[in-house]
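Below is one structure; the comments refer to it alone.
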Amino acid sequence: MWGFAKTRGSIEFNGLLDELREFWKDQGIETVPVSWKETALGPEGLRLPADFRVFYSKLNGMSNLYPNEMDSEGFLFYPIDVLVTVREEFDEPGLPKNIIVFAEYMHKSWWYGIELRADGTYVIGIIPDRGRFKVITNSLEVFMRLYLMDASELYDYG
Numbered sequence: 830m831w832g833f834a835k836t837r838g839s840i841e842f843n844g845l846l847d848e849l850r851e852f853w854k855d856q857g858i859e860t861v862p863v864s865w866k867e868t869a870l871g872p873e874g875l876r877l878p879a880d881f882r883v884f885y886s887k888l889n890g891m892s893n894l895y896p897n898e899m900d901s902e903g904f905l906f907y908p909i910d911v912l913v914t915v916r917e918e919f920d921e922p923g924l925p926k927n928i929i930v931f932a933e934y935m936h937k938s939w940w941y942g943i944e945l946r947a948d949g950t951y952v953i954g955i956i957p958d959r960g961r962f963k964v965i966t967n968s969l970e971v972f973m974r975l976y977l978m979d980a981s982e983l984y985d986y987g
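Under the working numbering, the first residue of the sequence shown is numbered 830, with each subsequent residue one higher.
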């Protein structure tokens with residue numbers, strides 16, 4: 830698992846978000862930030878971690894691509910208003926409600942989610958199907974760096 834590299838909300842993280850904005854802009858992907866207040870709660874009233882709130886308040890996913898398009902590598906990052914839990918995504922009440930789907934790959938070939946833990950921490954993982962969650966990292970900053978590098982870790986769900 831890739832570990833936490835920098836402080837959440839740090840200058841480095843904000844610089845990374847600027848880099849991400851330019852990466853998307855070069856592909857014609859628009860970002861439509863939302864207010865800090867709008868980032869407080871995710872689906873089913875779940876509280877989003879601070880770094881996810883910063884991400885949505887600065888970029889808010891790929892608003893102009895949702896729901897049917899993707900970036901040049903096949904990724905779609907959801908805007909905050911369409912985040913769903915795995916329970917909602919798979920329409921299966923028995924699945925955990927503490928895992929929020931925030932991105933997908935190649936029109937739902939698989940998903941990426943954030944598992945919110947009781948102790949206030951989280952992990953980000955790949956969700957290849959309704960019953961599996963493979964941890965990639967415990968940091969949105971690291972996940973975004975892996976995404977910008979098109980790292981193999983983002984494709985390994987075995």
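Note that the Cβ used here is the ideal one computed from N, Cα and C, for glycine as well.
Just the Cα atoms here: how many angstroms apart are residue i and residue j?
{"i": "Lys866", "j": "Leu875", "result": "14 angstroms"}
{"i": "Phe872", "j": "Tyr951", "result": "Just to set this straight, residue 872 is Pro in the shown sequence, not Phe. Their backbone Cα atoms lie some 16 angstroms apart in a straight line."}
{"i": "Ile840", "j": "Asp847", "result": "11 angstroms"}
{"i": "Phe931", "j": "Leu877", "result": "11 angstroms"}
{"i": "Ala980", "j": "Pro922", "result": "33 angstroms"}
{"i": "Val915", "j": "Tyr885", "result": "20 angstroms"}
{"i": "Glu859", "j": "Phe852", "result": "11 angstroms"}
{"i": "Asn927", "j": "Ile953", "result": "12 angstroms"}
{"i": "Ala834", "j": "Phe919", "result": "Low local confidence applies: a pLDDT of 42 at Ala834 is under 50, so the model's placement there is unreliable, and no value is given."}
{"i": "Pro957", "j": "Leu912", "result": "17 angstroms"}
{"i": "Asn897", "j": "Lys937", "result": "10 angstroms"}
Does residue i come out as helix, strand or coil in the three-state DSSP assignment?
{"i": "Leu945", "result": "strand"}
{"i": "Ala879", "result": "helix"}
{"i": "Gly954", "result": "strand"}
{"i": "Val964", "result": "strand"}
{"i": "Leu870", "result": "strand"}
{"i": "Val861", "result": "coil"}
{"i": "Phe833", "result": "Bear in mind that a pLDDT of 42 at Phe833, under 50, signals an unreliable position, so the number given afterwards is only what the model happens to contain. Phe833 falls in the coil class under three-state DSSP."}
{"i": "Met978", "result": "helix"}
{"i": "Gly987", "result": "coil"}
{"i": "Ser886", "result": "helix"}
Give the DSSP bridge partners of residue i, in chain order.
{"i": "Leu905", "result": "Glu933"}
{"i": "Val971", "result": "Note: Val971 sits in no beta bridge, so no partner."}
{"i": "Val913", "result": "Val930"}
{"i": "Trp940", "result": "Glu933, Ile956"}
Could you check how far apart the C-beta atoms of residue i and residue j are, in whole angstroms? I think they sit under 8 angstroms.
{"i": "Met935", "j": "Leu849", "result": "Contact doesn't hold; Cβ gap of about 20 angstroms is too wide."}
{"i": "Phe842", "j": "Asp900", "result": "Their Cβ separation, rounded to whole angstroms, is 20 angstroms, which puts Phe842 and Asp900 out of contact at 8 angstroms."}
Does any residue of chain D bring its CB to less than 9 angstroms from the CB of residue i?
{"i": "Leu977", "result": "The question asks about chain D, but that chain is absent: this structure has only one protein chain."}
request  = Taking 8 angstroms as the threshold, find out whether the region 952-970 comes into contact with the region 925-944 through three or more Cβ pairs.
outcome  = Flag = yes, the region 952-970 and the region 925-944 touch.
query = Quick check: the region 882-890 against the region 905-925, are there 3 or more CB pairs under 8 angstroms?
reply = The answer is yes - the region 905-925 touches the region 882-890, with three or more Cβ pairs under 8 angstroms.
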